[in-house]
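*Asks:* The sequence shown lines up with residues -20 to -1, 1 to 1083 when you count with mature numbering (1 follows the signal peptide of the UniProt record, and there is no 0).
Glycine included, each C-beta is placed from N, C-alpha and C at the ideal position.
Here the structure is a predicted model, which is why all the values come from computation and not from measurement.
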Amino acid sequence: MKKFKRVLFLQFLVFAQAMAGPIDQKEENAAFDNQLMVNSVVGAEVGPNGEPAVYVRDKFLEDEQQPKPEPFVFGFSTAVSFSSTIGSGDGGAPLKASRPSPGNKNKQSEGLGCKSTENPVLIATGEKHKTEEDFTAQGLYALSLSRTYRSMHGEGGLFGKRWLSSLDPHRLAYGDFFAPQADWHLIPKTITHIDENGTAVVYKYIRSGPPVGGDEVRTPKPLPPSAQATQPALPPKRPNVTPRRPEVYYYAEGRDISAEDVLSYFPEQSVVIRKNRKTFAFTPQGQIDSIADQGGLNLRQYTYYPPSNRVPARLASIQNAPGQSVKFNWGANGLVSSVVDTNNHTWNYQYNDKGMLTKVTSPGPNPDVRDYHYEAGDPSLLTGITIGGVRYSTYSYWPDRRVHISGLAGDRHRDVFDYSDKLTVVTNAQGQQSRYSFVNVAGELKINKIDRTATATCPHSSAFTDYDPYGYVSTTTDWRGIPTTFHYDENGYLSTETKAARTAEETKTEHTWDNGELRETVYKGAGGDSYAKVNYAYHSGGRERGRIAETLITDLKSGRGRLTRYAYAFHPNGTLATMVTTAFLAGREIRSTVNYDAFGRVSSTVNPLGHVKSFGGYTGLGMPGTMTDINGLVTSYSYNPNGTLGKVTAPGNRITQATYNAARQPTTITFPDGSMIKYRYSPDGDVEAVGDAQNQFSTVKYDAGSNSLRDASPRQVPSAGANGPRAAAGGEFSKVTKLDSLGRPYQMVNNKGEREDIRYDGNGNIVVFYTGDGKGTFYEYDARNRLIKQTAADGSITRLEYDWSGRLEAFTDPRGVRTTFAYNNFGDVLRIDSPDRGTTTYDAYDDLGRLTHETQANGKVITYTWDDLGRQRTRHSGDTTETFNYDEGHLGKGFLTSMTDATGRTNWAYDAAGKPIRQDNDIYGTKLTTRWAYDAGGRLSGMAWPSGLNVVYEYDGTGRLTKMRSNLSGKWATIADGFLYQPANESMYAWRFGNGQSRMSTFDVDMRLDQLQTLGVHSQNFDYSPCGTISKVSDAVRPELTTDYGYDEHGRLSSVNRNGDHQYFGWDDVGNRVKHSREAQGEFNYRAPRITRDFAVACERGV
């Protein structure tokens, strides 16, 4: 497959995907592979919308040098979800667990990755669900629309039966009414809150407020606006002359009322739910009126068409905090016929005569169209989806409406379901059978065991989940039998997570909560001692109420802390205007600022040095039309009506454009230099071909019979011609990757039948890798799935050890040489002790975690300084100081622009695209200048060296090099031209030199160099061993130079043999060359003393 190294392409594609949203629901549900673990590090970065959020993540001080408090979701993320469960941020168990709901029919997956299959079906109930993205908006208060089909969910307010949406209004359902005491109001025993996901939470009456009044005439509180227009039947009203009784009645989900989770029922007036730092206000009829944050800002305001002629009130619009609205139009069938997004574009919806959604059409002259099929006996069962006229998926059902088969087009993505009492058996397209066993916890079926049956490529394995009496996950046991335990407080918030419980590698994370706010996280190592903690403080009043105010990370061994503070300002309409993040360096404030417009979209960012990047020209969906960088250069963006990115115009009028298919997958990306990347997809949405501007494609095809992928691309071979090398078709390059029954690479086979094999343990860790010669390297892991032992083919062993906090503590190489590492509890390395290198100490770090003082093994001391952006400013040792300068001159901001060292000074200059155009060196008084030039497409067009040498590059219309010229001989002449490129992958394989000779490289069908040739000058052929190393180079022009190569067990060169010249090489166990002998020259021995001085070389001739 073609490899692309275009940064612009990567930026473009990521941006395009972000704009378009996900295409299908192929979720990676690696059940119990470290699943259900509430991820436990907190980090404080600015999230996609600029706000910090606290969430729990899996790695702490293992992969990162320091803990970072993560962005906290302030009350809730207005750009993500309005559901009632707090997610963990990456698919683990939720920070706030939700109790079970009877029947397991109205609950979304609560972070339980194994609850749904890849082609999504709820495993416990057999319910088909499928989420479809219509439009995705960006910004703090954005209004996006996605729809979810649920085959066993009967309700659907906007798009008909079985369809829920992200904009469905929350609603309330009342249970039986009763009077808690004589003469008190008639109130419901239970109130069920149903959110836009269909998640139903039942609140039970707990207690009342204090009785008030008594025989006086009570003036009712005003109803919410929408309630004034809708008056369905209510329980019988009492006269306005009332007895002494409460004005409010309280309900709770759990055993008691908590400040952050309470329902307040005001009879005949309103219902208010405070949950997850949000306030939901409902009319007495249970219709939602508004959702507000802790600061009182109305994040969503709902308006309704007035009821008439037995037609109930219907949703007319949803308005966000800045005043943008999504509008709903209704058809005669009582269902939404069109939606007008915040960009004022219209999305159309069609239904069949049964009221089932059958077609969605995006806006624009070339809309993408999705069709929904209901071909089963039950007209409400979704049986497939067609995208742009191509069948994408097909679903079938058992007579009891549970899913039988759920799959995409083709043979690769398909699951078959069989059910029995508390057991679901899922068989994927590769024949892997997973058996899910369930337990009933408080009325909900929950997975407690998964058995993966043995196949020819995967061994049998099992994983388990246990629950506490309230339905929260208490223990997970992974596929290797390693447990992780969880404990929750009385409000359902995670208090303790213990990974690798009851093993030598056990680590613990403890959380402390206050009214739903995470206040402290403490990290404990394998010995049970606390080594680090993160404390959180929140603003308690005003519009910033509930937003994070500061995070303090503390090394509990040294007592040192690293503090970050957050401050906010607001627009007059209440939306966030500014967020200032302040770090502290030796008492000095390091500030970064994010500014927002009144719509919650980033208008500018200001870094600690005052560099400003600004955004403007936003669409109604919150996509920026322009970006002005810190050098004042403008990049513009344009979008298609469905929200996909259409064009990027970079400084210098360099244009990148994209086209898409009906699934909003990019099909062609055209770059400023004329080159293209073209994508072709199979009906199931997988990439099946990648091509270039010449319409040559590399393909990837799946073969169901062998469960393998075959990569192929056209192959050309060169031959000499009168005017340079000529191309001729030579079949194709190809390779085959066989997959195991879980879809992982299992065996890679080349065209000679030589293969490499990979095997995995139950958790997916690689345990052995066999090379083409059958030699294996073996890997072992500890209870935290960290590599602890590697055994090479020759039996040599490498060992790794970890400290009590999970960081690499020691590394023992195959010689038995042990290198140790020491850290502070921020994760910064303090010391490395190596018998080879000696001891290096990292003596000091600043308050931002940057190294300032290092002592190397030879006694040399190096000090470092840094600027406020974390860029190295100076490096000093002894009498030598190196200085690095940034941001100087025209277009220099953000780049290294000069440096000084003992030899003198070097300056750099850049163009508008950030490419170097000039380098000026002053080396001991000698001034030298190197220049670069670029054409309009951004391609390198010329270089000029200090010697006066100039080279010019020419290209064709698709961005490929066609000619190189230089003035090397004193006059301009061609260096090379006539370049040939392999189709699709565009690797260069032949050209003509300026002297008319052709250089030709022939590659075999496995894309290994097979021949190098210039007629009459040289001709070399290459042979390979089964593991891919060169075994022989045959020279047809000078046969005496034909050479054979031999290798040791590690694949290192051990012998070189040619006529009259034999060489041998010896290596130690870690790859240091220790011996070299050559015929007629003697033997050279090399030793590496375990002391910190230069290597000594001993040479003994004639041995």
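So the beta strand (DSSP E) D494 belongs to, where does it begin and stop?
*Replies:* 487 to 494
*Asks:* Cβ of K307 within 9 Å of Cβ of V291?
*Replies:* Not in contact: K307 and V291 (Cβ atoms no closer than 9 Å).
*Asks:* Using the C-alpha atoms, what's the distance from G665 back to L16?
*Replies:* For L16, the pLDDT reaches just 23, beneath the cut-off of 50, and the residue's location in the model is therefore unreliable, although a value from the coordinates is still provided. The straight-line gap from Cα to Cα measures roughly 29 Å.
*Asks:* Just verifying my parser: in three-state terms, what is the DSSP assignment at P552?
*Replies:* coil
*Asks:* State buried or exposed for Y904, treating a residue as buried only when at least 16 other CB atoms are found within 10 Å of its CB.
*Replies:* exposed
*Asks:* Would you list the one or two residues that DSSP bridges to S145?
*Replies:* R127
*Asks:* If we call anything under 9 Å between Cβ atoms a contact, is R690 one with K658?
*Replies:* Taking 9 Å as the cut-off, the Cβ atoms of R690 and K658 do not count as close.
*Asks:* Does the structure place the region 1011 to 1027 close enough to the region 976 to 989 that three or more beta carbon pairs sit under 8 Å?
*Replies:* The region 976 to 989 vs the region 1011 to 1027: no contact.
*Asks:* So what does DSSP say about Y1066, is it helix, strand or coil?
*Replies:* strand
*Asks:* Leaving aside the five residues before and after E42 along the sequence, list all residues of the same chain whose C-beta is less than 7 Å from its C-beta, in chain order.
*Replies:* For E42, the pLDDT reaches just 30, beneath the cut-off of 50, and the residue's location in the model is therefore unreliable, although a value from the coordinates is still provided. So the list reads G786, R787, once near-sequence residues are dropped.
*Asks:* If I follow the unbroken beta strand (DSSP E) through H109, where does it start and stop?
*Replies:* Going by DSSP, H109 is part of the beta strand (DSSP E) stretching over 107 to 115.
*Asks:* Whole angstroms are fine: how far does the CA of Q330 sit from the CA of A312?
*Replies:* 12 Å
*Asks:* What separation, rounded to the nearest whole angstrom, lies between the Cα atoms of R644 and T558?
*Replies:* Taking the straight line from one Cα to the other gives about 34 Å.
*Asks:* Should P698 go down as buried or exposed, given a rule of 16 or more other Cβ atoms within 10 Å for buried?
*Replies:* buried
*Asks:* Straight-line CA distance for L147 to T263?
*Replies:* 18 Å
*Asks:* Taking the beta carbon of H440 as the centre, do at least 16 other beta carbons fall within 10 Å, making it buried, or is it exposed?
*Replies:* exposed
*Asks:* I'd like the list of long-range same chain contacts for residue 1128, defined as Cβ closer than 6 Å, with 5 residues on each side in sequence excluded.
*Replies:* No answer is possible for residue 1128: the residues shown for the chain start at -20 and end at 1083.
*Asks:* Would you be able to state if there are at least three C-beta pairs under 8 Å between the region 514 to 522 and the region 482 to 499?
*Replies:* Contact between the region 482 to 499 and the region 514 to 522 is present, because at least three Cβ pairs lie under 8 Å.
*Asks:* Give the DSSP bridge partners of residue 1084, in chain order.
*Replies:* Since the displayed the chain opens at -20 and closes at 1083, residue 1084 lies outside it and no answer follows.
*Asks:* Considering only residues of the same chain and omitting the five flanking positions on each side of I1071, which have a CB-CB separation below 8 Å?
*Replies:* Confidence at I1071 is low in this model, with a pLDDT of 39, below 50, so its placement is unreliable and the value that follows should be read with caution. If we look at I1071 and ignore the five residues flanking it on each side, its Cβ neighbours are G818.
*Asks:* If you measure between the beta carbons of N622 and P926, is that distance less than 9 Å?
*Replies:* No.
*Asks:* Could you check whether T854 and T863 sit closer than 9 Å to each other, using their CB atoms as the reference points?
*Replies:* Yes. Within cutoff.
*Asks:* Do the region 169 to 185 and the region 394 to 403 touch if we need at least three Cβ pairs shorter than 8 Å?
*Replies:* The region 169 to 185, when compared against the region 394 to 403, does not touch it at the 8 Å Cβ threshold.
*Asks:* Identify, in the order they occur along the chain, each residue of the same chain with its Cβ nearer than 6 Å to the Cβ of F246, setting aside the five sequence neighbours on each side.
*Replies:* V228
*Asks:* Taking only runs of the beta strand (DSSP E) that begin and end inside the region 828 to 916, which ones reach a length of at least 3 residues, in chain order?
*Replies:* 831 to 835, 841 to 846, 852 to 857, 860 to 866, 876 to 881, 884 to 890, 896 to 903, 906 to 914
*Asks:* Out of curiosity, what's the CA-to-CA distance linking N1065 and E1059?
*Replies:* Each residue's Cα considered, the two are about 15 Å apart.
*Asks:* Within 10 angstroms of its Cβ, does G939 collect 16 or more other Cβ (buried), or is it exposed?
*Replies:* buried
*Asks:* Rounded to a whole number of angstroms, what is the C-alpha to C-alpha distance between N256 and G858?
*Replies:* 57 Å
*Asks:* When DSSP labels each residue in this structure, what does E1020 get in the three-state scheme?
*Replies:* helix
*Asks:* Inspect the beta-carbon positions of Y468 and D446 and report whether they are closer than 9 Å.
*Replies:* No, they are not a contact pair.
*Asks:* Could you have a look at K1055 and say whether DSSP puts it in helix, strand or coil?
*Replies:* In the structure shown, K1055 adopts extended strand secondary structure according to DSSP, grouped into three states.
*Asks:* So what does DSSP say about K681, is it helix, strand or coil?
*Replies:* strand
*Asks:* Taking the Cβ atom as the reference point for each residue, do R145 and T128 lie within a distance shorter than 9 Å?
*Replies:* The sequence given here has Ser at residue 145, not Arg. Yes, the pair counts as a contact, with Cβ atoms nearer than the cut-off.
*Asks:* Let me know the secondary structure DSSP gives residue 1087 once reduced to three states.
*Replies:* As shown, the chain starts at -20 and ends at 1083. That puts residue 1087 outside it, with no answer to give.
*Asks:* Closest to T608 by C-alpha separation, out of S618, G602, G596, would be which residue?
*Replies:* G596
*Asks:* Along the chain, where does the beta strand (DSSP E) that runs through V985 open and close?
*Replies:* It is not in any beta strand (DSSP E) - V985 carries neither H nor E in the DSSP assignment.
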